[in-house]
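As structure tokens, this is what we get:
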């Protein structure tokens, strides 16, 4: 049997803490989730949490990043399954809105993220994940002659802002599942305005 190195044990603990934080922050929200609760649920000491993350905000940031990594990977997977760049863009946007129905994603990314991390930090993280995927999709659509030349980063940010507002509408809706089709249709109309 091979002994794990200290780095491997540290990586395992870090991953365990992030997964536990995602689950608890997603279920109970940032304000109601304590470091003690995360440590207990992860089966580590409170000191271990502080050793790996320094505090609650840093742990939340790690959970936020993990949510972004997961949705970016999901959107990319859906986009790659489409027949052309325009279908990929449309389905990617729809997938983002559908993912906003997930209570954990909604709580961490849509509701708590901006107030806990601040708008600039949230956007910085999104630039590397969900916003990057959207911009890549728009670039492919432009390369295929489906979107006119222009300031694509600005357009991507405007579309992404609309999708985030759509996510907020779903988060605040009495019945998010019932609201999704109408909201997705409006997002599709908005996206359609970019098509040549």
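Residue numbers (this note's numbering): -17 to 178. Every residue gets a Cβ at the ideal spot worked out from N, C-alpha and C, and that includes glycine. These figures come from a predicted structure and were not determined experimentally.
Is it true that the CB of residue j sits closer than 8 Å to the CB of residue i?
| i | j | result |
| --- | --- | --- |
| residue 8 | residue 90 | yes |
| residue 79 | residue 145 | yes |
| residue 119 | residue 70 | yes |
| residue 141 | residue 173 | yes |
| residue 104 | residue 77 | no |
How would you write the range of the alpha helix (DSSP H) that residue i sits in, first residue to last?
| i | result |
| --- | --- |
| residue 0 | -12 to 10 |
| residue 25 | That residue, residue 25, is in no alpha helix (DSSP H); it is neither H nor E in DSSP. |
| residue 53 | 38 to 62 |
| residue 77 | 67 to 81 |
| residue 164 | 158 to 174 |
| residue 89 | Note, residue 89: premise wrong, no alpha helix (DSSP H); not H, not E. |
| residue 154 | 134 to 154 |
In whole angstroms, what separates the C-alpha of residue i from that of residue j?
| i | j | result |
| --- | --- | --- |
| residue 16 | residue 30 | 14 Å |
| residue 116 | residue 84 | 20 Å |
| residue -9 | residue 34 | 12 Å |
| residue 23 | residue 4 | 12 Å |
| residue 106 | residue 170 | 25 Å |
| residue 38 | residue -11 | 22 Å |
| residue 66 | residue 112 | 20 Å |
| residue 11 | residue 135 | 32 Å |
| residue 52 | residue 178 | 31 Å |
| residue 131 | residue 74 | 21 Å |
Any C-beta of chain D sitting closer than 8 Å to the C-beta of residue i?
| i | result |
| --- | --- |
| residue 114 | Of the chains in the structure shown, none is chain D; there is only one protein chain. |
Inset, instruction - List in chain order: all unbroken alpha helix (DSSP H) runs of 4+ residues lying wholly within the stretch 99 to 131. - result: Qualifying alpha helix (DSSP H) stretches, in chain order: 101 to 109 and 112 to 125.
Inset, instruction - Answer yes if the stretch 10 to 25 comes into contact with the stretch 100 to 118, meaning at least three C-beta pairs across the two stretches below 8 Å, and no otherwise. - result: The answer is no - the stretch 10 to 25 does not touch the stretch 100 to 118, with fewer than three Cβ pairs under 8 Å.
Inset, instruction - Report yes or no: do the stretch -9 to 6 and the stretch 32 to 47 share at least 3 C-beta pairs separated by less than 8 Å? - result: They touch, by the three-pair rule.
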